[in-house]
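Number of protein chains: 2
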Amino acid sequence: MASITTNASIASFGGRFLKLTHQSSVTGGPMNFTLFLPAGISESEPAPLLIYLSGLTCTPDNVTEKGFLHAHAAPLKLALLYPDTSPRGTNHPGEHDSWDFGSAASFYIDATQEPWAQNYKMETYITKELPELVFSQFKQLDPQRVSIAGHSMGGHGALTLFLKNPGKYKSVSAFSPVSNPSACPWGEKAFTGYLGADKEEWKKHDATELVKHWKGYLNALLDVGTADNFYKQRQLLPENFAEATKAAGIEGLQLRYQDGYDHSYFFISTFGEDHIKHHAKHLGLL
Amino acid sequence: MASITTNASIASFGGRFLKLTHQSSVTGGPMNFTLFLPAGISESEPAPLLIYLSGLTCTPDNVTEKGFLHAHAAPLKLALLYPDTSPRGTNHPGEHDSWDFGSAASFYIDATQEPWAQNYKMETYITKELPELVFSQFKQLDPQRVSIAGHSMGGHGALTLFLKNPGKYKSVSAFSPVSNPSACPWGEKAFTGYLGADKEEWKKHDATELVKHWKGYLNALLDVGTADNFYKQRQLLPENFAEATKAAGIEGLQLRYQDGYDHSYFFISTFGEDHIKHHAKHLGLL
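In order, the protein sequences belong to chains A and B.
Residue numbers for the first sequence follow UniProt numbering, beginning at 1 and rising by one.
Residue numbers for the second sequence follow UniProt numbering, beginning at 1 and rising by one.
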């Protein structure tokens, strides 16, 4: 496995977490990711893959340690891929100054503004380079059965990448997703920095805008906690996404408000089983 | 609740984690602990309590975030108490210099050597002060049904406090326990520092010595990973505990070696369901 370095291999729930690093030609530097391989899979019986995109400030370690998605994925023989949240190897001016812009805050788009356009190409990285690498190196995974999920900024990533690529992912789910970034402070800051001031460009990367053009059923499960301070501060705006979906006459969206839950991994882990089962159903495991 | 400060209340798995602080008269300073209260318990239908003792370097936050025990305790209506691993408010010479002695390394004994004897009274704290406080303030918990568990140094704590106090705890379990501290480097360092050089004194706090005097069935479940470096380095010595138990003709011990598992929370969370069910059975929940 020439192009991937294995930093750790950890047994858990019968399978293994592999903590890995590779040199990305898309982001121009080393990228960490975690792969969970359940027991009992093989090249002749390959597992489908769920890509999970983390939120602001996270590395792949947070969900690996606190998400407990693998507890539910393991018995279903569903593999999990936890990418990083941004390129890491550069030092653009201001890159590491804010927790909601630059490092660990890529928003999973391909930046068009300098200096970010040089390497903040996370949309290409997540949709092409990383899965191609993983499927080429791990033949026990099935490139034909892939779904996508995420949390907060990663929920935005999951929704937009799903909507931009019909058929690429069998299903989508999100915890506390940033659902209408053009209309919230986090998204305005990120899109201005990465994409520039033209708000027409922003629409191409906003789930609430993208969903208006969706054709067919929407295999989407969203959970939002009612005690989530970012929800209360109108950073998430799932109601805008739901309204746009409804106005477009699109069926299938499950948006659930969970009473008393916050924005944390305690929320993710609580409803992780539902999300894993949602994807498992669409990936042919249930 | 005059004597307890609530730092956080977090919804998870239908119940709540309370992150709490109180002033301990036993340890002479502020002590943090976490309490998990499952949904559906009340003063008229109180929940039994599992006390879980963490290992070296930990605070109550580690198991709260990474242990995943509450996922299994919640549906059974079993409450969880996560104490801290040492007093925190003092600055004895050398107290914070080692990761295996002093702060976060109390070994859950009452020290007899100065300066530790002043406040390193974790045995009294765990067996008396903390549960008395918790049961006085949380009437939805049942002081008649308590069990104890732990990890590594906390596994030593769980085993020894169980064996020293017949009938106080309904069952005991441990992940990767320090099982014969008189015969391992961690234990030798801690016991010398806290108890002095007299090895006869050490026997009063060593599970492998204490179990020789146990009367009756031993409601004990122990799990040890075969890829655990501390096991390989002979810090844990569960085989000595098992041998002493067998030599004494004591029945009931379940000691399991888990192939390929390490010393981490990935190991704890994998087998947490078994441990929760072990205690639930002895606490009348299953």
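Glycine included, every Cβ here is placed at the ideal spot set by N, Cα and C.
Whole alpha helix (DSSP H) elements within the stretch 42-123 of chain B, 4-residue minimum: 60-66 and 69-76
Continuous alpha helix (DSSP H) stretch holding residue 159 of chain B: start and end: 153-164
Per DSSP, what kind of secondary structure is residue 30 of chain B in: helix, strand or coil? strand
Quick one: grab the DSSP three-state call for residue 17 of chain A. strand
From the beta carbon of residue 228 of chain B, is the nearest beta carbon of chain A less than 8 Å away? no
On the criterion of 16 or more Cβ atoms from any shown chain inside 10 Å, does residue 170 of chain B qualify as buried, or is it exposed? Only buried fits residue 170 of chain B, as 16 or more other CB atoms lie within 10 angstroms of its CB.
Kindly indicate the opening and closing residues of the beta strand (DSSP E) around residue 173 of chain A. 172-175
Inspect the beta-carbon positions of residue 159 of chain B and residue 214 of chain B and report whether they are closer than 8 Å. no
With DSSP run on the structure shown, which of helix, strand or coil describes residue 288 of chain A? Not covered by the structure: residue 288 of chain A. The range shown for chain A is 1 to 286.
Within the same chain, show all residues whose beta-carbon is closer than 8 Å to that of residue 112 of chain B, passing over the 5 residues directly before and after it, in chain order. Cβ within range, chain order: 194, 195, 196 and 201.
Residues near residue 263 of chain B by beta carbon distance below 6 Å, same chain, minus five either side: 176, 228 and 230
Along the beta strand (DSSP E) that carries residue 225 of chain B, what are the first and last residues, could you check? 220-225
For residue 266 of chain A, is the classification buried or exposed, using 16 other Cβ atoms within 10 angstroms of its Cβ as the cut-off for buried? buried
Bounding residues of the alpha helix (DSSP H) (the contiguous stretch that carries residue 194 of chain B): 185-195
Nearest-angstrom beta carbon gap, residue 38 of chain A and residue 60 of chain A [assumed within contact, 8 Å]: About 18 Å separates the two Cβ atoms, so there is no contact after all.
Buried or exposed for residue 3 of chain B, going by 16 or more other Cβ atoms inside 10 Å? Exposed: under 16 other Cβ atoms inside 10 Å.
Counting only Cβ-Cβ distances shorter than 9 Å, please list the residues of the stretch 28-60 of chain B near chain A, keeping chain order. Of all residues in the stretch 28-60 of chain B, none places a beta-carbon less than 9 Å from a beta-carbon of chain A.
According to DSSP, residue 36 of chain A sits in a beta bridge with which residue or residues? For residue 36 of chain A, which the question treats as bridged, DSSP gives the partners A/17 and A/80.
Report buried or exposed for residue 1 of chain A, applying the criterion of at least 16 other Cβ atoms within 10 angstroms of its Cβ. Because the pLDDT at residue 1 of chain A is just 44, under 50, the model does not fix this residue reliably, and the value given afterwards should be weighed accordingly. It is exposed - the Cβ of residue 1 of chain A has fewer than 16 other Cβ atoms within 10 Å.
Can you tell which of A/122, A/261 and A/254 has the C-alpha that lies nearest to the C-alpha of residue 279 of chain A? A/254
Between residue 251 of chain B and chain A, is the shortest Cβ-Cβ distance under 8 Å, so that the two count as touching? Using a Cβ-Cβ cut-off of 8 Å, residue 251 of chain B does not count as an interface residue toward chain A, since no Cβ of chain A sits closer than that to its own.
Which one of A/125, A/153, A/142 and A/140 has the shortest CA to CA distance from residue 30 of chain A? Comparing Cα positions, the closest option is A/125.
Apply the 10 Å Cβ neighbour rule to residue 199 of chain B and answer buried if 16 or more other Cβ atoms are within range, or exposed otherwise. exposed
Under 7 Å Cβ-Cβ, which residues of chain A neighbour residue 287 of chain B? Since the displayed chain B opens at 1 and closes at 286, residue 287 of chain B lies outside it and no answer follows.
Taking only beta-carbon atoms, is residue 175 of chain B less than 8 Å away from chain A? Not closer than 8 Å to any Cβ of chain A, the Cβ of residue 175 of chain B fails to qualify, so no.
Closest by CA to residue 88 of chain A, which one among A/9, A/11, A/17 and A/118? The shortest Cα separation from residue 88 of chain A among A/9, A/11, A/17 and A/118 belongs to A/118.
Buried or exposed for residue 7 of chain B, please, with buried defined as at least 16 other CB atoms from any protein chain shown within 10 angstroms of its CB. exposed
Helix, strand or coil for residue 262 of chain A per DSSP? Taken through DSSP and simplified to helix, strand or coil, residue 262 of chain A comes out as coil.
C-alpha distance - residue 172 of chain A paired with residue 165 of chain A, whole-angstrom precision: 12 Å
Determine, using beta-carbon pairs with one atom in the stretch 210-225 of chain B and one in the stretch 122-137 of chain B, whether at least three such pairs fall under 8 Å. no
Could you check whether the Cβ of residue 76 of chain A sits closer than 8 Å to any Cβ belonging to chain B? no
N-terminal and C-terminal residue of the beta strand (DSSP E) that residue 306 of chain B is part of: Any property of residue 306 of chain B remains undetermined from this structure, which presents chain B solely from 1 to 286.
Can you find the residues in the same chain that come closer than 6 Å, C-beta to C-beta, to residue 32 of chain A, ignoring five residues on each side of it along the sequence? 21, 60 and 84
Which class does residue 217 of chain A belong to by DSSP, given the choice of helix, strand or coil? coil
Cα separation between residue 260 of chain B and residue 46 of chain A? 23 Å
Please list, in chain order, the chain B residues whose beta carbon lies closer than 7 Å to that of residue 270 of chain A. Going along chain B in sequence order, the residues near residue 270 of chain A (Cβ under 7 Å) are 12 and 13.
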